[in-house]
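Working notes, beginning with the structure itself.
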Amino acid sequence: MSSDTNKIENKEVKEVKNNESQEKEKEYTIELKNVTKRFGDDVAVDNLSLSVEKGTLTMLIGPSGCGKTTTMKMINRLIQLDEGEIKLNGTSVYNIDPVQLRRTIGYVIQEIGLFPHFTVFDNIATVPRLLKWDENKIKKRVEELLDMVTLDSSYAYRYPLQLSGGERQRVGLARALGADPEVLLMDEPFGAIDPINRLKLHDSFLEIQEEIKKTIVFVTHDINEAIKLGDKVAIIRNGKLVQYANSTEILYNPANKFVENLLGQDRSLKALTLKRTKDFISSENVITMSKDISEDQALKQLKENNQIVAFVLDKNNKLVGRYWLEKTKKDKFEINYDENPIMTEQNNTLNESLSTMFSSGEQLLPVVNRRGLFLGVIRLSHIFEEFNK
Amino acid sequence: MNLFQYVSENFDKILSLFVEHFFLFLFSIVITTIIGVALSIIATEEGREKVGKIILSITGAAQAVPSIAVIALVFIYVGIGKFPAIISLIIYSLVPVMFNATSGILSVPKGVIEAGKGMGLTKKQILWKLKIPIAIPVIMGGIRSAATIIIGTAVVASVIGGGGLGDLIFIGLKLNRPNALIAGAASSAILAIIIDRILAYIEKLVTPKGLKIER
């Protein structure tokens, strides 16, 4: 099966080559050709070939020790290859001074490695300063990046020790994007974050990538993360490429038993991970109201519209609370206010929203973007419809 | 004669020994710091992890060696006078400086160094912008240890002609003059405390702000 997928790829590649070979060189921002790396007797990466298109997010996944991190680190020459070629926009990475090369590639690692003695500002400004950017340009860039990763500008002068794990991760991403590199290398960047914050980070990350469209190579050991985030997924085992295709292809046509096992038993449930919450947002029969409304007015609106839940938004459309009706005895309804309503982010998979619904006991969840702005709701009934298809 | 009378009568002499002691200290601490930190930087370069660990083992154990042993050995090979005294002070105080500098640099989080390297910092930049600033508190701790040790050891070094406040103390011992003894001992204690306070202040100055932050 893997050879079929690769055959299709090779065929496409050959056709394009027959037409315009120059076009083909440009298309692939990162190319690995027959790359091999040995550590003593151990072959860590075995004749691996991979091409990454411009503006796409490629996930490298496989079991511990399969060579995925080694592969990624050969792209910015933190590890030297033994055989083969690696090209960046058509030029071999060995034709450039390695230090200069690294300054054009963003790099994020699991530990993040923020410089503890530098402020957030100085951390993010690191590569721009190495490249001798003008200080005004740097200031603008840092502000832009803090906003992009949804950190208030007051964070600029804080120190890493004062930040939470999720905040550090966001600064790490901003730092990697400092000099606006075309390519990003990320090595299990969300590995050290707790599951709840990881979902939020996934969502932010996907939104950001949609805006900036970088060419990204992302290493993970979590198949769910790979399927959810990647435009394409490269499955690696014992240093060899097993399958390289988009998420749908991998889920529906796993190349072999190894890939099937990696995906796990619940593949049909995994199909739900291919769908995003934002594709199921509904605004029908959804009541929203401003903070200034009194409880009585809220109660009245809910009753008039025959709804049990209404969402409270501030003047910027940010979700700040929710009113809900509780049935007391004697057919009477009591109105309650929730300051921290359970919500789901637009890039969460259907799976993840479903999970949140089950754990919170709600059949309806408000959907927000990374800045907390209200986008609509998602209903349990819709998800079940999708599952039954 | 009571102590106060003794001090006021011999003030000039005590002061000149104090100053002599201070210069013995100053000369030694500067050389020890330069040599110690330089050797530690070399020992902790990438790919030399084993060397760093060996240094830590050796200097860790060497802290148990008594100062008189070092002084005696230097005496045998170099002789008497200020020069051998300084040599022995330097050798002896290299131990805490190298132990701390090596351990400080090695304890810089590996993630910080890897991130720096991956972002395109050169080896030199990694050393001077990342490793040293982050290791400064530990390195300064080593220098402060060395300072206190030098002041104390310089007293002992007077037996091989080093001079300084040790002379006062040993005269006091030999000629059974308690005033001299106390004056010498108290002066060296005072010197040690003053120097330590000055170094503590320097440490505060050179420690990067981000490392002093409370969570």
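Chains as they are written, first to last, in the working numbering: chain A, 1 to 389; chain B, 390 to 604.
Backbone N, C-alpha and C fix where the C-beta goes; we use that ideal spot for every residue, glycine too.
Taking 4 residues as the shortest admissible run, the segment 158–236 of chain A contains the following complete alpha helix (DSSP H) segments, listed from N- to C-terminal end: 165–176, 195–212, 223–229.
S482 (chain B) is positioned such that its CB atom lies closer than 7 Å to that of I539 (chain B). The beta carbon of G361 (chain A) sits no closer than 7 Å to any beta carbon of chain B. With the rule of 3 Cβ pairs closer than 8 Å, the segment 45–55 of chain A counts as touching the segment 25–35 of chain A.
In this structure G441 (chain B) is not in contact with N489 (chain B), their Cβ atoms being roughly 13 Å apart against a cut-off of 8 Å. Membership of R129 (chain A) in the alpha helix (DSSP H) is indicated by the continuous run 126–130. Taken through DSSP and simplified to helix, strand or coil, A298 (chain A) comes out as helix. Here W324 (chain A) carries a strand assignment [DSSP, helix/strand/coil]. The alpha-carbon separation between L319 (chain A) and M289 (chain A) amounts to approximately 10 Å.
Under the Cβ distance rule, A453 (chain B) does not count among the residues neighbouring chain A, no pair being separated by less than 7 Å. The three-state secondary structure of K318 (chain A), taken from DSSP, is strand.
Closer than 7 Å to the CB of R141 (chain A) there is not a single CB belonging to chain B. Listed by position along chain A, the residues whose Cβ is nearer than 9 Å to that of V426 (chain B) form an empty set, because the closest Cβ is around 18 Å away.
Of all residues in the segment 122–152 of chain A, only T126, V127, L130 place a beta-carbon less than 7 Å from a beta-carbon of chain B. Y107 (chain A) reaches chain B at A504, G507, M508, counting residues in chain order whose Cβ is nearer than 8 Å. A Cβ-Cβ separation of about 6 Å places V545 (chain B) in contact with I460 (chain B) under the 8 Å criterion. In this structure, A543 (chain B) keeps its C-beta atom at 7 Å or more from the C-beta atom of G550 (chain B). Listed along the chain, the chain B residues whose CB falls inside 9 Å of the CB of E111 (chain A) are P498, K499, G500, V501, E503, A504. It is roughly 28 Å from the alpha-carbon of L81 (chain A) to the alpha-carbon of A192 (chain A). Under the Cβ criterion of 7 Å, P522 (chain B) is counted among the residues facing chain A. R370 (chain A) has its alpha-carbon roughly 15 Å from the corresponding atom of Q169 (chain A). Here A432 (chain B) is buried: its Cβ has 16 or more other Cβ atoms, across all protein chains shown, within 10 Å.
Interface residue (Cβ-Cβ distance to chain B less than 7 Å): V217 (chain A) is not classified as such. Between the C-alpha atoms of G561 (chain B) and M487 (chain B) there is a straight-line separation of about 35 Å. For N391 (chain B), the closest C-alpha among the options B:A569, B:A575, B:L594 is that of B:A569.
When only Cα atoms are considered, N256 (chain A) and A234 (chain A) end up about 14 Å apart.
Assignment of M390 (chain B) by DSSP, reduced to helix, strand and coil, places it in the coil class. Beta-bridge analysis with DSSP links P366 (chain A) to A:V377. Only residues of its own chain outside the window of five on either side were considered, and among them A581, I584, D585 have a CB closer than 8 Å to the CB of T537 (chain B), listed in chain order. Looking at the backbone, the Cα of F39 (chain A) and that of F311 (chain A) are separated by about 58 Å.
No Cβ of chain B is located within less than 7 Å of the beta carbon of V233 (chain A). With respect to chain B, the C-beta atom of P116 (chain A) has a partner C-beta closer than 7 Å. When secondary structure is reduced to three states using DSSP, M343 (chain A) falls in the coil class, being assigned neither helix nor strand.
Between E503 (chain B) and the set B:I515, B:A524, B:K563, the nearest pair of CA atoms involves B:I515. Secondary structure remark: continuous beta strand (DSSP E) runs of at least 3 residues inside the segment 71–128 of chain A, in chain order: 83–88, 105–109. In the assembly as shown, D556 (chain B) is a buried residue. Its beta-carbon has 16 or more other beta-carbons within 10 Å.
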